[in-house]
Each structure stands twice: as C-alpha cells, then as structure tokens.
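The listed protein sequences correspond, in order, to chains G and R.
Counting in our numbering, the first sequence runs from 1 upward without gaps.
Counting in our numbering, the second sequence runs from 1001 upward without gaps.
Even glycine gets a Cβ: it sits at the ideal position worked out from N, Cα and C.
Notes to accompany the following structure.
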Amino acid sequence: MSVLQFGVELYYLVMALVLFFLTLRREPKAAADHRIAFSLSAVGLLVALLCLTQQGELFFRSYRVDLFSQIFKLALALGLFLVLAISRNLPSIAERNHAEFYLFLTTCTIGMMMLVSSVELLTIYVSLELSSYSLYILVPLRRGDDIDVEAGIKYLFFGAVSSCFMLFGLSYIFGATHSTYLSDIMARMPELVASPIGVVGLILAMAGFFFKLSIFPFHFWAPDVYQGGAHQVVTFIATASKAAAVALLIRLAVLGAQYGYHFTQILVFLSIISMTLGNLVAIIQKDFKRMLAYSSIAHAGYVLIGVLTLQETGLASSIYYALAYLVMNFTVFMVLTQVAQDGRDLKIAELAGLYHRSPLLSMSLILGIFALAGVPPSIGFTGKLFLFTSAMNQGYFWLVLIGAVNGTLSLYFYLRVVYAAYFVDAKLPPIQLSPPMRALNYALCATILYFGVAPNSIMELARAAVRAVL
Amino acid sequence: MAEHPASFPVLTCMLLSPVVGIAILLCLKEEQRFLIRAVALVAAGISFALSIYTFAGYDKQLGGIQFVEKYDWVKAFGISYFVGVEGMNAPLLLLTGIVIFTGVLTMWELQHRVKEYFIFQLALVTGVFGVFMSYDLFFFFLFYEIAVVPMYVLILVWGSTRRIYAAMKLTLYLMAGSGLIIPGMLLLYSSSGLFTFDMLKLHGVPFSPWIQNVAFVLLFLGFGVLAAVWPFHTWSPVGHVAAPTAVSMLHAGVLMKLGSFAILRVAMYLCPLGFQYWAQFMALLAAIGIVYGVFVGLAQTDLKYVIGYSSVSHMGIVSLGLATGTVDGLNGAVFQMFAHGVMTALFFSAVGFIYDRTHTREIHELGGFSRIMPVASAFFITAALCGAGVPGMASFWAELLVMVAAVKVFPIRGLLAIAALVVGALFALRVVQTTFYNEPNPKFVHFEDVSPFLGLPRMILIGFLVFFGIFPQYMLGLIKTSIVPFIQGL
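Structure below.
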C-alpha cells in the first residue's frame, strides 16, 4: 500500500487533529482559527489533486481507490475549501464554537471521502454514519431562536430513520448474497433476479443516500434544516454532501444494472415525484433558503435520471451534474452569506436592490440562479441536457418530457429571485467585498460559463471514472 | 448535401464579434457612454459586414453548404461545432446583421443603464446568429436558448407598458416551448442509433412514422411558440409593446424568425413524414393566425399593438408557406421571413422615434403627424405600404409566392388568408390616414423631425426593402439553391 493511496484521508485526519487542538484553547481566537482552517483546506485541495490518479484496494478489499473515488474526493476537498472561504464571518455561531465548526466540517469531509471509496457494506455504513454524526452536531450549532434546535432534531430524527432503512436493506442484500463486498454481491445479483428481495434490499440500502440527496420520500428534513442551520453549514450540506451521496448512489445502483425493469422503474418513479414535488412547492416559498431546499429536492430528481440509466454516459452525466450542482449551488449560497452578513434568514424579497448594493454579487447570483434553472450557456443547462440525452437513449421518453416541463416550472421561482435582485430598488447600503471574495466571485462565474460551453474535459473525466466502477 | 469548408472562419468571426464586443463592454465604465455605444456599433458593424460578405459571396453555381466549419465538441454525445451557410439561412444571417446594426444606431440616445443594455443586446444577437448558422442540433438549441433569455432582462429593465408582466409571460411561454423541443429533439437523437447531433446525418436516418409524427408535433409546437403560431401567440403582442424600440426590432424582426426557421430546418427537415402527417393542421393554424391577427389588429388603438397583431398575421403567412411544402411556398416563406424582419424593424424603429418624442402611441392622439414630422412619418408609411404588400416592396414577392402556393395546395385556407390580407391592407392604410393625415395635434407642433444621423438606420432598412422589392431575384435565386434540394429530400 502506497501512502498516497490513502493520502487524502490521512491529510484530512491530520487536519482534524490540528483543529481538535484548537478547540481545546481556553480563549477563542476566531480569526486565527479561520486562517489555520482555511490554509489547511487549501493545502488539502492540492493534496487531493496530487492523489487524483491513485489506484488500488486497501483494508482487505473493503476500500477502493480509483479515478471515480478520487474525483469525488477532489470535489469534497473543493467543497470544504469553498465553504471555509466564506466562513471568515460566522455571526450565527458563537465564537467559542468556531473551532468546533471547522473540526466537524473536516470530520464530515473525512467520512464522506471514506464513503466514496467504500466498496463493502459495513465500511459504507460506518463512513456514512461518520459524516452524518458530524452534521448532526453542526446543524444545531446555530445560536439564536429555537429554529436551530428544531432543525437539528428533525435532521437527527430523519437521519436515524433513513439509517434504519438502510441497515435493513443492507441486511437483505447480505442475507441474499452472503457477502458484504460489492464485487461479490454484483457477481451474485443475477441469482436474486427471481425474487423481489434484491430490489427491496437495494432500494432500502439506497435510503441513506436518498436522505442525503433529499429524494422523495426522504426529503422532509431539507426545508427545515436549510432554514434552521447556519448559512455556512447549510452550504456544506447543499453542496459537498450531495456530491458524496451521488457517488455512493452510483456505486449501489450499478449493482442493479443487470437487475432490470423493476429496479429502474422505482427510480423513475422517485425521480419524477422528486422533480415535480420540489418544483411545485418551491414556487410558493418566500424564504430564500427554503426555496433552495425545495429546489434541491427537484435537482436530486434530475440527478437520479442519469443514475437510473445504469450505463456509462448516463452515470457520467450524473457525475457532471453533481459537480455542476456543487458549483452553481455554492455560488448562490455564497451570495446569500454575503447579503445576510449578520447571519439572519433572508426572504427572497430582501434581495431587493442587490444590483445597486453590489453589481458583482448580483452578477454571481444571476449566473448561479440561471445555471440552476438550466439556462444556457451555463453548466446547469449542459448538465441537464446530458442527463436528458442519456435517459432518452435508454428509451425514457416520458421521463424526459416530464423533466423538461419541470425545467419550465422551476424557471418561475428562479426568475423571482433574479427579479428581486436586479429590478427592485431598495435604499440599502452597498456591500463591500474583500479582494479575495471578489476573486472568488469571478472564478465561480467563469467556471459556470466555461464548463457550460466547454464540458468535454469534465465529461471525459467522468466517463473514465464511471468505467472504473462498471 | 455537399459541404464546402471555409477558407477562413468567417462564420465564427461573425459569431464572436458580438462576444468580443461584450467582453470589451464589461471592461468599460458606465460613464463612458460614447465609447460603449461605439464598441457596440463596431461589434454589430463587423457582424453586419460579414453577413453581407456571406450573402454576396455564396456561390450559387456550387450550391450546398458553404463556409463550413466543423470541430468535435463533446465526443461522448456526438456533439460537434458545425456551422455553414446555404440559400436558406444566408438571407436570415443578413437580416440579423441589418437589424442589429440599425438597432444599435436606433438606441444611440439611450441614457439608462447603457452598458448593460448593449451587453444584453449583443448577447441576444449572438444566439440569433448561432441558430441561423448551426447544423448541429445541440448547438442549434443552445443558441436558440441564448437568444431567448436576454429578452427577459431587456424587456424588464428597458421596457415600458406592463413590462414585468410581459417579460415573465414571454419567458415562461418560450421556456415552455423549450420543454417540448428538448424531448422532440432527443427522441430523434436517440432513435437514430447514430449518437450524433449532426443534422445532416440525422436527416439520412429513416425514422419510423410514429417517431416522426411525435417528434414533429413536439418540435412544431415548441418552435411554434416563438414563431407566434396561433394560439401560442399571446406573448408576442404584449412583448412587442413592452419592449424598448431596438428590442422590439430584434424581437419581431429577428427572434420570431428563429421559430419559423427552426420549424423548417429541424422539424420539417428531420421529420418529413411527420410534416406530411401534420401539414393540414399546420396550414389550419396558420390560416387562423392570419385572419385572427388582422381582425384583432383592427380593434387596437396603440400603434405597437397594431404592429404586434399584424406580425402575428404576417408570421401566419410564413407558416402557411411552410405548410404547403412546395418550392414556391418555401421560397416565399423564407423571403417573407427576411422581408417581414426588415419591415417590422422599420415599423418599430419609426414608432419608437415617435414615442420617444411624444410619449404616446395612441392613434387618435397622433393625428396629422406628417405635417409635424414628415420624415419620421414617411418611415412609418413606407413600412405600412410594405406591410400592405404593395409592389416594389420585398414583402410583395414573398406574399405573392406563398399565396400562389397556398391556393394550389389548400384552396379554402389560401383564399381566406388572401381575403384577410386585403382587409389588413385596407386597415393599414386607414391607420396611416388617421395617424398622419388628419389635423395635427397642437401639443406636438413644436417637435423637430428626425436628424440625419437618427434617420440613417431607418434609411438603411428602407434601402433593403426597396432593393429586394425591385430585384427580388437576388434573394429568390439564392433561396432556391437550397429549397429545391430541400424539397427533394422531404
């Protein structure tokens, strides 16, 4: 075993250790803590990049390092780096808890990194729980009214229930195949074709990831947690944790690739309900984060379209979309944190006058929102079209039609955000952005446009990653 | 169809000229207004010049698709950047060049958020150029959407009457249209088994009648929204009225043509059996649109609404020409796209000038306007004559060809359309008389007429209308080079 094969995880373990020592300080030093955490995450991003091409199997074949896992680790490292970049000002978290905030974000990242490399049922379960427990602590960390407590309890409760479902499903799969290794299970899946136990087991096993992705019927937590959590915590949940969930969903869905009709039909059903429900309910939301929560349910439905195709381009499209979602959703959340610098919740109407307060932020917002709506030439448009194309290639005409109609539905509530920010005047003071924050804005805008117009490099990388899994 | 590679990337340059313009504008400050206008004008001017170059430089003897550029884009999905010019799209590229160039000149006096205005206008025109020159279905759709989206912002920020309602309605209608286009387009892509978005390759695939029927109706309805096909036209007059002058010019002059062109280029070209199956239905909607546009236009008192509904009617002529599926019908339809584009641009440009001065577009308030502003009035009257299909104007030939074909193929609907157009022509003349030839409104007598500089864009538009009205063969001969092989392929 080369150290580099486990290099990213080791690095983040060391980072977590450093942050753990920061939490032991008698007097909190918020600025210094942020500087250290942010610098370490920047180095972590480089380490993840260096380890991108690592390959191998570790820990008695329960842990696979391949291009697929390394891409997602890079995405997770990027997610953490970006979230820490907007965490310099953490008004909704008590100063004495800042170091804990960085620590648990890091442990959550480690859990998710392990998750994307796990190819054995128990390892998957333990990794998922590691990431989930960190988030259970992070969500109620927000100070203020009781909304944070309610959100924390809801997240914990639904998390626990989905975890139970998942364990139940895993035990079915183990019972039917007598192995906890995905490679063995895949080989024995054809034996299960005759009985429904395989379908039920797989679907239940996916429950944990359905929960993370907030796919129907595991979506109930999302609006409350999005509204109740601190902006930066929600940003992390809405971006990095989604990417990790997509990774494992793909690994598990591939198990059902030969399984056929019933398995995919269930995924089709979940995708349609998630898209439609998310978009319809988002229309009536007034709170910005709640609206984004419902839109995330809809986007989970879109991602599922690629997953349920169970072939190379479809899965690669899902990866492309997950990465795109990370960037575009982060862009919107970044604007949210900058507009609501005091950490309060923001109504959509409160974005009024943003164009005058900060043209740059409003440009980022308009690009992020248009990307989420699937407007060209953004990554959101290209990603959606890839997903639809893959699904159509597999004969899912009605699914594509419903997906496309949903795209139109979603435009209505996304345009309300653009309208508020760009066209409603309000006499509010300008928002000052620091030079690094300005650079981040430009970088995100450029990424949204560039990879929308030139998606080939990411798509080829995603295809290569999928080949490692199939 | 034969493909002839470009000796230099003229079409990419045409496409990139507005993009470079946008990039430069982004670096300028809002206060540098003259520079902003100059950059926009130069960017539009280069595109215009290149569109003339491709129109005039197209070799009719050689035929086929010329100035071709083709590069792989996303291999996994068989997407390539494939652009070219043939007889069918050369007039529309020229039309776009004309309208954007004159549009920038028309908006020269704009004072409110000037930089952003020209950025969005150039973005819109990039999409329009892209649609007209693309032979790859993915890029076709990408550019189609790029053309549609800036309209939302342009109407919302710089629009007038009920701008918020109009912008939202327009965007949702057009996006709903896209919701139909995507499945239709992908149905063809996936059923071809070729895994390519190349339209020429897809054209060669013998799709089953069921697939063609389904894909055609999805594409026709989806693109039909933008072409203002009845009954999906309701966004159009409202949008025309709300939009600022140059945006109305682009909107009615160019954007609506994207819908008709897409029906021809994508729906009819890729689904010939589907077209035959739905042709009667197409013709019926077109005939209703023509009659409806004329009669609803009769009841309007706002000049922009009059033009808006006449556009629905005139676009119905395009749809009717397409529905005939004959050489004359298609020739006339493409010529009508060009003629109507220039004519409507002139209409809105003239009305825009009048509105900027008087702040009214009400017909009864503008009585006797020709005595106050004879030149500005002359622009409007010329456009009205063109709209009435007077010989010597480009639209005369277009309407003539379409009606001849329509009467042959769909006699009742053709005759009904002709009757409606006669009523429409009479009405247009009555509008001209009421607005420009009664007693002048004393409120407006002190206004000055159009300056030579502001008259320039209007003169350019009239020049093209008259030139192709007197020498229609320049246009028809070019269009025919691609319509004949197109019909043979149906």
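Quick one: is R/W1235 buried, meaning 16 or more other Cβ sit within 10 Å of its Cβ, or exposed? buried
State the CB to CB distance for the pair R/F1223 and R/A1262, rounded to an integer number of angstroms; the pair is presumed to be in contact (CB under 8 Å). 4 Å
Could you tell me the distance, in whole angstroms, from the CA atom of R/A1127 to the CA atom of R/R1265? Reading the sequence as shown, one finds Gly at residue 1127 of chain R and not Ala. C-alpha separation (whole angstroms): 16 Å.
Check whether the stretch 275 to 294 of chain G touches the stretch 413 to 423 of chain G, taking contact to mean three or more Cβ pairs, one atom from each stretch, closer than 8 Å. yes
Compute the Euclidean distance between the alpha carbons of G/L308 and G/I272, then round it to the nearest angstrom. 12 Å
Do you know how far the Cα of G/S118 is from the Cα of G/L105? 20 Å
Please confirm if R/K1169 has its CB atom under 8 Å from at least one CB of chain G. no
How would you call R/D1059, buried or exposed, if buried means at least 16 neighbouring beta carbons within 10 angstroms? exposed
Own chain partners of G/G301 with C-beta closer than 6 Å, once the 5 adjacent residues on each side are dropped: S271, S274 and M275
Buried or exposed by the 16-neighbour rule on C-beta atoms within 10 Å, applied to R/L1303: buried
Coarse secondary structure for G/L310, derived from DSSP in three states: coil
I need the DSSP call for R/S1134, collapsed to helix, strand or coil. strand
Compare the C-alpha of R/Y1355 against each of R/F1486, R/F1295, R/T1326 and R/F1447 and name the closest. R/F1447
How would you list, in chain order, the residues of chain G whose beta-carbon sits under 7 Å from the beta-carbon of R/W1073? N456
Scan the stretch 393 to 414 of chain G for residues whose Cβ lies nearer than 7 Å to a Cβ of chain R and list them as they occur along the chain. N393, F397, V400, L401, A404, V405, G407, T408, L411 and Y412
Does the stretch 169 to 180 of chain G come close enough to the stretch 149 to 158 of chain G that 3 or more CB-CB pairs lie under 8 Å? no
What does DSSP give as the partner residue(s) for G/K347 in the beta ladder? G/D287
Are R/M1001 and R/P1485 touching if we call contact CB-CB under 8 Å? yes
Using the beta-carbon of each residue, which ones in chain R are nearer than 7 Å to G/P376? L1142, E1145 and I1146
CB-CB under 6 Å to G/S214, same chain, minus the five flanking residues each way: which ones, in chain order? A222, S296, I297 and A300
If G/M113 sits next to G/L76, beta carbons under 8 Å apart, how far is it from one beta carbon to the other, in whole angstroms? 6 Å
Specify the secondary structure class of R/G1084 as computed by DSSP and reduced to three states. strand
Cα-Cα separation between R/Y1173 and R/L1226, rounded to whole angstroms: 8 Å
So for R/W1230, helix, strand or coil by DSSP? coil
Which residues in the same chain have their Cβ closer than 7 Å to the Cβ of G/I93, if we skip the five residues on either side of it in sequence? F101, L141, R142, R143 and A230
G/K427: first and last residue of the uninterrupted alpha helix (DSSP H) it sits in: It is not in any alpha helix (DSSP H) - G/K427 carries neither H nor E in the DSSP assignment.
Pick helix, strand or coil for R/Q1066, following the three-state DSSP scheme. strand
Going by DSSP, name the residue or residues bridged to G/S118. G/Y63
Output, in chain order, the set of chain G residues within a Cβ distance shorter than 9 Å of R/V1149. F370, V375 and P376
I want to know whether the stretch 1073 to 1089 of chain R touches the stretch 1107 to 1119 of chain R - three or more CB-CB distances under 8 Å. no
Chain R contact residues for G/T313, given Cβ-Cβ distances below 8 Å: A1076 and F1077
Throw me the rounded Cβ distance for the R/V1131 and R/Y1152 pair, which I believe falls under 8 Å. About 17 Å separates the two Cβ atoms, so there is no contact after all.
Measuring only the C-alpha atoms, how far is G/S241 from G/V405? 27 Å
Under 8 Å between C-beta atoms, does R/L1187 make it to chain G? yes
Could you tell me whether the stretch 1277 to 1297 of chain R touches the stretch 1407 to 1418 of chain R, where touching means 3 or more Cβ pairs closer than 8 Å? yes
The stretch 373 to 383 of chain G contacting the stretch 339 to 351 of chain G, beta-carbon criterion three pairs below 8 Å: no
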